[in-house]
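Have a look at the structure below, then the notes.
2 protein chains.
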Amino acid sequence: MATKILIADDHSMFADGIESILNRQDGIKVVGKCYDGISILPFLKQNEVDIILLDVNLPEKNGIEVCKEVIAAFPEMKILAISMFNQESYVSEILKFGAKGYILKNTGQDELMQAIQTIEGGNTFFSKDVTQTIMRGLMNDRKGGTKSEGFIPKITRREKEVLKLIVQEFTTQEIGDKLFISLKTVESHRSSLLAKVNARNTAGLVRIALEKKLIE
Amino acid sequence: MATKILIADDHSMFADGIESILNRQDGIKVVGKCYDGISILPFLKQNEVDIILLDVNLPEKNGIEVCKEVIAAFPEMKILAISMFNQESYVSEILKFGAKGYILKNTGQDELMQAIQTIEGGNTFFSKDVTQTIMRGLMNDRKGGTKSEGFIPKITRREKEVLKLIVQEFTTQEIGDKLFISLKTVESHRSSLLAKVNARNTAGLVRIALEKKLIE
DNA sequence: TAAAAATTGAGGGTTTTCCCCTATGCCATC
DNA sequence: GATGGCATAGGGGAAAACCCTCAATTTTTA
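Going down the list, the protein sequences come from chains A and B. Sequential numbering of the first sequence, starting at 56, is according to this note's numbering. Sequential numbering of the second sequence, starting at 56, is according to this note's numbering.
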């Protein structure tokens, strides 16, 4: 019985290439390809699939959301996340939602096959680079307050409003006008924000806000 | 006589996939794969190649530079640029340096084959999306400065260095010290950066830099 | 090789951010 | 009913960012 694989990637050239590689292998059959996030669930409801090769950066509905939904509907589904980038936030998030592995698009054929076989056996597979990234993430979690690198305390409701406006290029005065509070109050919030995310200035605040997705 | 193709892409999974597709076709032979920009010229000097499938975003030396060098050394070489992104600046630049076509990685197999055949015949091929982008680019040139929303101007080498340090929370003075240039010079670069990305302040600059990945 | 672009830098100004300190209502929880 | 977190806000000052104009040199490109 061949392992049934669904490839989900919006870059059809990539999806086709992977399909071509996999279909040459014994015991593997690519049963479908999805070019966006929304068509995956419907496909799964009508077809039998063992493993999904899921691109993390899908249009419309990204891989992380898709992963969450798929696992909710099919808890036994084996998902191998594939990404262009080795970003700690993506890796940890999609794993949290039940992906069984994470590889990068610069992974070779042999390693891809190894990943699929590993996942199929119910185990977990990470690319070497990704493993290092995860380790770094875990280290930060453990350390907590050693050098307070990577750790973010919680931002209050009002601070988040201010932060959002800062990222949108409004000045302190303009933010005050928008929120009907004084310039000084906005300054207070800015100070707290800088302290909480441990940034030296607005540049760092904005970078961290985007990196850690503190807004929206 | 089969058309000899060289694939240049740092994502080996992608390169392998394309190779697998192409080698199934009649009259096409993948004679080599390069995973970075610097190994392409040496390869061409020792092997006969008809068409290069060249990733625009290569590490070390990017596709645009590679294209320029290759055409300088082999003016008859046919280069088909392949990119993840449909960025006007990339498209127009690499075409300026002699690429014969530009397709995106979301291009299907059939279209890929069509592109290769077109290029081989000495003609030029663009993906549909790319054609539209070029048209928009031309329109913008004509109009001048309509509103240019979403347009990414090119950042110079030095500006990028400064930008990187801004995002890393260094102050203007500190950046000057690091780069051994005066505070005033750094201010000049900051001004240009703000103008180029059309930001009002550092917050916007950082946001746009991260959004548009101006700093890699 | 001439023209264009990039890099460098200055003077002199305004605006904004950042950093102290302090302080007062308003909540909720304990 | 006290403690603590949150939102509010002031004064005052230092630092940094931003703006404008100009210009010399170097590098790159056409």
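Glycine is no exception: its CB is placed at the ideal position from the N, C-alpha and C atoms. Bear in mind the structure is a predicted one, so any value in this text is a computation, not a measurement.
Under the three-state reduction of DSSP, Ser138 of chain B is assigned to strand. If the five residues before and after Leu220 of chain A are omitted, its C-beta is found closer than 6 Å to the C-beta atoms of Ile230, all from its own chain and listed in chain order. Taking a cut-off of 8 Å for Cβ pairs, the segment 83–96 of chain B and the segment 130–138 of chain B do not touch, as fewer than three such pairs fall below it. In the DSSP assignment, Asp110 of chain B falls outside any alpha helix (DSSP H) and lies within the beta strand (DSSP E) extending over 106–110. If you draw a straight line from the Cα of Ala250 of chain B to the Cα of Val217 of chain B, it is about 14 Å long. Scanning B:Ala258, B:Arg245, B:Leu248, B:Phe235 for the CA closest to the CA of Arg245 of chain A turns up B:Ala258. Contact between Glu166 of chain A and Thr58 of chain A does not hold, since their C-beta atoms are separated by about 17 Å, which reaches or exceeds 8 Å.
Taking all protein chains in view, the Cβ of Ala63 of chain B is crowded by 16 or more other Cβ atoms within 10 Å, so the residue is classified as buried. At a cut-off of 7 Å, the C-beta of Gln169 of chain A has no neighbouring C-beta in chain B. Residues of chain B whose Cβ lies closer than 7 Å to the Cβ of Phe69 of chain A are, in chain order, Phe69, Gly72, Lys160. Chain order gives the chain B residues near Asp65 of chain A as Asn161, where near means a beta carbon separation below 8 Å. The beta carbon of Glu124 of chain A sits closer than 7 Å to the beta carbons of Leu96 from its chain, once the five residues preceding and following it are set aside; these are given in chain order.
The Cβ of Arg245 of chain A sits no closer than 7 Å to any Cβ of chain B. Along the segment 234–267 of chain B, going in chain order, the ones with a CB nearer than 9 Å to a CB of chain A are Ala254, Arg255, Asn256, Thr257, Ala258, Gly259, Leu260, Val261, Arg262, Ala264, Leu265, Glu266. Here Lys233 of chain A carries a helix assignment [DSSP, helix/strand/coil]. For Phe181 of chain A, the three-state secondary structure derived from DSSP is strand. Lys88 of chain A has A:Ile62 as its beta-bridge partners, per DSSP. The contact set of Ser75 of chain A on chain B, defined by CB atoms closer than 8 Å, consists of Gly72, Ser75, Ile76, Arg79 in chain order. Between Thr162 of chain B and Met68 of chain A, the C-beta spacing is below 7 Å. For the options B:Glu224, B:Val241, B:Thr211, B:Ala70, the alpha carbon positioned closest to that of Ile107 of chain B is the one of B:Ala70.
Here Lys268 of chain B carries a coil assignment [DSSP, helix/strand/coil]. Straight through space, the alpha carbons of Leu260 of chain B and Lys233 of chain B are spaced by roughly 20 Å. Considering only A:Lys215, A:Asn78, A:Leu269, the residue with the shortest C-alpha distance to Ser243 of chain A is A:Lys215. With a threshold of 7 Å between beta carbons, Ile221 of chain B makes contact with chain A. When rounded, the separation of the alpha-carbon atoms in Asn112 of chain A and Cys122 of chain B is 28 Å. In the DSSP assignment, Ile158 of chain B falls within the unbroken beta strand (DSSP E) covering 156–159.
Contact annotation for Glu224 of chain A against chain B: Ala254, Arg255, Asn256, Ala258, Gly259, Arg262 [CB-CB distance below 8 Å, chain order]. In this structure Gly87 of chain B touches Leu61 of chain B by the C-beta definition: roughly 5 Å separates them, less than 8 Å. By the neighbour-count definition (other C-beta atoms within 10 Å, threshold 16), Arg262 of chain B is a buried residue. A Cβ-Cβ distance of about 24 Å is found for the pair Glu224 of chain A and Arg213 of chain B, leaving them out of contact under the 8 Å criterion. Taking a Cβ-Cβ threshold of 7 Å, the residues of chain B close to Gln164 of chain A are Asp71, in chain order. Cβ neighbours of Glu148 of chain B within its own chain (closer than 7 Å, five residues either side excluded): Ile119. Membership of Phe69 of chain B in the alpha helix (DSSP H) is indicated by the continuous run 67–78.
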